[in-house]
Structure formats: C-alpha cells, structure tokens
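A short worksheet on the structure shown next.
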Amino acid sequence: MKALEGIKILDFTHVQSGPTCTQLLAWLGADVIKVERPGIGDITRGQLVDIPDVDSLYFTMLNSNKRSITLDTKNETGKEILIRLIKSCDVLVENFAPGALDRMGFPWERIQELNPRMIYASVKGFGPGPYEDCKVYENVAQCTGGAASTTGFDDGPPLVTGAQIGDSGTGLNLAFGIVAALFQRVTSGRGQRVQAAMQDGVLNLARVKLRDQQRLAHGPLTEYPVNTDVDETPRAGNASGGGQPGWAVRTKGGGPNDYIYVIIQPPGWAYYMELCGRPELIDDPEWSTPAARLPKLDECFKIIEEWTLTKTKLEVMDILNARDIPCGPILSMKEIANEPALRNTGTVVEVDHPTRGKYLTVGMPVKLSDSEAKVQSSPLLGEHTEEILLDVLGLSKEEVNAAWKSGALGEPAAKAID
Ligand code: COA
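So that you can map any letter, position 73 of the sequence shown is 74 in our numbering, and since no number is skipped, the others follow by simple counting.
Given below as structure tokens:
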C-alpha cells in the first residue's frame, strides 16, 4: 500500500510546473489521470525532440506513473465526460493560463457544486495583483521572484539558474498544499482551493536575499564581495549566502567543472593552512580570526586554490571530509548520470519506454520507508482513454463508442471498441 493509494487526481497540467506536482503524487501512489487535448497532448511531448516520432525526454521525465486520456473539453460530450471525471476524482490540478478553466465552463464554484470534496489546485505565474493575468515561464519567475537579481557576479548581468526553481519548485509547493488539503478533508469533509504562484515560490527560496536587503539598513553586507554604496542586495558571485565564507576554487584537471566549493569555518582554518603549507598563518592575528580574514577573503581563497590545484576535486573532497570540513565538488550532469550511489538510492533511475527504449530520469527526492516510489514509464498520448472511461467512470461500451463518434476523444471519430 502506498501513501496516496486510492486518491484519484484529475491532471490538467502541462509543460513543467504542474506535471512536477502530479508526478510526485503519482510516485506516492495516487492514480493520476492526465487529460490531454486529442491529437496534440501536452505540448512538451513534441519539444526538444531527440528521437523522431518519440515523446521527448522533456515529457517523459515529468509524466511517469500517470495514465493519459485524450478529451476535448470544449466538445459537448467531452464536457459531460469531464463532469463525470470531476465527480469521481479527489483532486483537480491545473496550470493553464489564468482563466482557462473558467473559459472551459468550470470555475471553482461549479467544481465545488459538482463535487464538494474536490480539492482544486492551481499553479499560476503570479498571485492576485497587477500581474495576475500574465502567462509565465520558468525564467520569468526566477526574474520576478528576486532570484535573478541576486545571482551572478557583481560586474555582470543578472543570471538565471539551471535548477528549475520557478517551475519544479512551485510544483513541489503545490504537491505539499494538496497533501495538506487531503489531510484536512479527513476531518472537514470538504475540498478546498489550493493555489501556488511561481513568483511566491521563487521568493520563498530566495528569502536569505530578502534578509540581506533588510540588513543593508544597518550597514554594509561585509561578507559580500561588493558591499559598499549599494542599496539593493547585490549579486554575490559564488560567495556563501550564510555566515561561513565560501568560494568555488579550481582543482587539478583544468576542465570546465574541475572546481570545488570550499567553506572556511573557524575550526577548519588551521587544517587548511597546514594543507596549504602556510602554518605561519594559523595563529597570525592578521589571519587567524574570521574578522581578520573578512576583508581579504579573496586572498584566503587564492592560498587555498594553490593547494586544490594540485589535487582532483574528489581527492580534495576526501581529504577535507576526513576532518569534517564540508565542501562541494562541482559535479557535471555526465558525472551525476554515472554516479552509482544515486542509482542505488533511486534518485537517478533507468526506465523502459515503449517507443523510446531505456532512458534515465530522476526518481523521488524524498524517501518514505513505507511507500516506495517505483518509477514507471510515462504514458503514450491517450494510451488509457478507454480504460479510464470503462473502469473509472463505469461507462458502457456503447457510451464509449458514442464518445468516439462525437469527436470528444479525438480521431478517428468513429473508432469502435468490441
Ligand atoms: N480540450 C480542449 N481545450 C483544451 C484542453 C483540452 N483537453 N486542454 C487545454 N485546452 C485549451 C485551454 O482551454 C486553453 O484555451 P483558451 O486559451 O481558449 O482558454 C488553451 O488550450 C491553452 O492553454 P494555455 O494554458 O493558455 O497554454 P499556452 O501554451 O498558451 O500557455 C503557459 C502556456 C505555461 C504560459 C500558461 O499555461 C501559463 O502561464 N500557465 C500558468 C503558469 C505556469 O504553470 N507556467 C509554467 C509552465 S512550466
């Protein structure tokens, strides 16, 4: 038995943010029924295609363990089927452009009327306010949520990060909200509206930068490389966001990822200086305290880099961790894909897809001892259309055939089942 077994999710999500959420719920055991436009489906099926006529990795890595039904929700029969789906499911998740579900004829009030236990969960770019009607993609959220203005080097432009904090980060928030609403429904008996805005999600993850904005009122941010004459949280390059100074220094090899992130905590200073062949700096009052080092952190990291350049990043990791000194080798995606420990824990998994063959994807990032998440393939477009109509909605074969004829399920309009 899995954590969310028995929960049916009506999944109207597309692209990345919403599918991240419903994929997590599917891994937790929910029956996720992905509703897709006949003939088209989730737009990402055909984006960044690497193998012709095969669902893209973009899609397969966000939609595992789900079932797919094709349904035209603007067709009259399609609407009737959607009403039955709303009555049969526990949660409806969507991340359409603002107002799209209302335009389909299904505002929250109607959904509540049809199924008072329904939890209706949405991702939008912005919460209520001047931008609430705007469409939003990942990098828009990174920029409007405060992450981009605080990422990058002080003498360069704002930068977005490769981690999809706007899309996948907000999908995580939504999943958490849904699970909480399901828990509350046990006692209240009622569904509720769950809304997650991408701007809010990014800002929540960038809270230390909002902290620093307020600290500016009381003096310079001394741990930042540039900290005078600024009235907005500046970009900090690779400087640590916490109280412990850190930087990415080069290591042996000279490749683009031959770097390691080192952190100078007060107890580690003496060991670093031993390793670097500079024991005289251990007790030198010009260097021995965090306050003395603060104005010359770049010199400190230069001394450390002279040593790290003589070792590979993994050798440095072993040496420092032997003394409980945290550090982070910069791992490339190639290295991560081949890392046996991540395969062993199911964080990176190999899945077999009916038309693609084997491919790598990410597994559940949270491990539950009593609800193992086994990653399966993503569905083909409309793969489970009839199965869902027959088993979930209890339609008769005649009703399914009539639905095909109406065009609600897509082409061929006159497909008949035995
Ligand atoms: N049957 C019939 N129509 C369907 C359908 C179905 N099964 N599924 C979707 N549609 C329709 C919708 O009703 C909508 O029609 P409308 O514009 O007439 O109301 C249309 O398809 C397209 O939806 P939309 O969400 O506007 O897609 P888009 O490609 O133009 O915009 C986003 C994409 C991501 C920008 C937009 O959905 C958005 O801003 N979403 C919220 C924020 C978000 O999640 N962004 C992150 C994406 S990773």
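Glycine included, every Cβ here is placed at the ideal spot set by N, Cα and C.
Is there contact between the segment 235-243 and the segment 154-167, where contact requires at least three CB pairs shorter than 8 Å? yes
Helix, strand or coil for Arg357 per DSSP? The residue given as residue 357 occupies position 356 in the sequence shown. Three-state result, Arg357: coil.
Can you tell me whether Arg236 is helix, strand or coil according to DSSP? Looking up residue 236 in the sequence shown gives position 235. It is coil, neither helix nor strand.
Gln245 - containing alpha helix (DSSP H), residue span: The residue you call residue 245 lines up with position 244 of the sequence shown. No alpha helix (DSSP H) holds Gln245; DSSP gives it neither H nor E.
Top-ranked residue by Cα proximity to Lys335, from Lys359, Pro257 and Arg357: Position 334 of the sequence shown, counted from the first residue, corresponds to residue 335. Nearest option by C-alpha distance: Pro257.
Under 8 Å, with one C-beta from each stretch per pair, do the segment 41-54 and the segment 186-204 reach the 3-pair mark? Touching, no.
Can you name the start and end residues of the beta strand (DSSP E) that Gly329 belongs to? Looking up residue 329 in the sequence shown gives position 328. Where Gly329 is concerned, the enclosing beta strand (DSSP E) stretches over Cys328 to Pro330.
Among Ala31, Lys9 and Ile10, which one has its Cα closest to the Cα of Ala374? Here the question's residue 374 lines up with position 373 in the sequence shown. Measuring from the Cα of Ala374, the nearest candidate turns out to be Ala31.
In the structure shown, what three-state DSSP assignment does Val376 receive? To locate residue 376, count along the sequence shown from 1; it is residue 375. Here Val376 sits in coil by DSSP.
Taking all protein chains shown into account, decide if Met119 is buried (16 or more other Cβ within 10 angstroms of its Cβ) or exposed. Here residue 119 is taken as the residue at index 118 of the sequence shown, counted from 1. So Met119 counts as buried.
Gly329 to Ile70 span [Cα, whole Å]: The residue given as residue 329 occupies position 328 in the sequence shown. The residue given as residue 70 occupies position 69 in the sequence shown. The alpha-carbon atoms of Gly329 and Ile70 are separated by roughly 44 Å.
Between which residues of its own chain and Asn228 is the CB-CB distance below 6 Å, once the five residues before and five after are set aside? Residue 228 sits at position 227 when you count from the first residue of the sequence shown. Exclusion of the five residues before and after Asn228 leaves Pro221 and Leu222 as the residues of its chain whose Cβ lies within less than 6 Å of its Cβ.
Along the beta strand (DSSP E) that carries Ala1, what are the first and last residues, could you check? As displayed, the chain neither begins before 2 nor continues past 419, which places residue 1 out of reach and without an answer.
Boundaries of the alpha helix (DSSP H) in which Val180 is found, first to last residue: As a working mapping, residue 180 is identified with position 179 in the sequence shown. Run containing Val180: Asp168 to Ser189, per the alpha helix (DSSP H) assignment.
Give the single residue among Gly358, Ile337 and Arg357 whose Cα lies nearest to the Cα of Thr348. In the sequence shown, residue 348 corresponds to position 347, counting from 1. Of the candidates Gly358, Ile337 and Arg357, the one whose C-alpha sits nearest the C-alpha of Thr348 is Ile337.
For Pro366, which residues in the same chain have their Cβ closer than 8 Å to its Cβ, ignoring the five residues on either side in sequence? In the sequence shown, the residue the question calls residue 366 occupies position 365. Within the same chain, and ignoring the five residues on either side of Pro366 in sequence, the residues whose Cβ sits closer than 8 Å to its Cβ are Thr348.
What separation, rounded to the nearest whole angstrom, lies between the Cα atoms of Glu316 and Val363? In the sequence shown, counting from the first residue as 1, residue 316 sits at position 315. In the sequence shown, counting from the first residue as 1, residue 363 sits at position 362. The straight-line gap from Cα to Cα measures roughly 27 Å.
What does the Cβ neighbour count give for Gly146, buried or exposed, with the cut at 16 atoms within 10 Å? For the purposes of this step, residue 146 is taken as residue 145 along the sequence shown, with counting starting at 1. So Gly146 ends up on the buried side.
What is the C-beta distance between Gly1 and Val263, in whole angstroms, given that I count them as a contact (C-beta under 8 Å)? Any question about residue 1 goes unanswered here, given that the chain covers just 2 to 419.
Going by DSSP, what residue range makes up the alpha helix (DSSP H) through Leu83? One-based indexing of the sequence shown puts residue 83 at position 82. Where Leu83 is concerned, the enclosing alpha helix (DSSP H) stretches over Glu77 to Ser89.
Opening and closing residue of the beta strand (DSSP E) in which Glu37 lies: Locating residue 37 in the sequence shown gives position 36, where the first residue counts as 1. Counting along the chain, the beta strand (DSSP E) containing Glu37 begins and ends at Asp32 to Glu37.
Spatially closest choice to Phe184 from Ser378, Phe302, Leu5 and Glu387, by CA coordinates: What you label residue 184 is simply residue 183 of the sequence shown in a count that begins at 1. The shortest Cα separation from Phe184 among Ser378, Phe302, Leu5 and Glu387 belongs to Leu5.
Quick one: give me the first and last residue of the beta strand (DSSP E) that Arg68 is part of. Indexing the sequence shown from 1 puts residue 68 at position 67. Bounds of the beta strand (DSSP E) holding Arg68 are Lys67 to Thr71.
How many angstroms separate the CA atom of Arg357 from the CA atom of Leu382? For this step, residue 357 is matched to residue 356 along the sequence shown. For this step, residue 382 is matched to residue 381 along the sequence shown. Answer to the nearest angstrom: the Cα atoms are 14 Å apart.
Mind checking who Ile261 pairs with in its DSSP beta bridge? Taking the sequence shown and counting its residues from 1, one reaches residue 261 at position 260. Answer is Val250 and Pro330, bridged to Ile261.
Is Met62 near the ligand COA, judged by its Cβ being under 8 Å from some heavy atom? Here residue 62 corresponds to residue number 61 of the sequence shown, with the count starting at 1. Result no, Cβ not under 8 Å from the ligand COA.
Taking all protein chains shown into account, decide if Gly255 is buried (16 or more other Cβ within 10 angstroms of its Cβ) or exposed. Counting from one through the sequence shown, the residue named residue 255 turns up at place 254. The residue is exposed, with fewer than 16 neighbouring Cβ atoms inside 10 Å.
Name the two residues that bound the continuous beta strand (DSSP E) containing Leu1. The chain is shown only over 2 to 419; residue 1 falls outside these bounds and no answer can be derived.
Proximity test, Ile112 beta-carbon vs the ligand COA heavy atom, cut-off 8 Å: For this step, residue 112 is matched to residue 111 along the sequence shown. Every heavy atom of the ligand COA is 8 Å or more from the Cβ of Ile112, so no.
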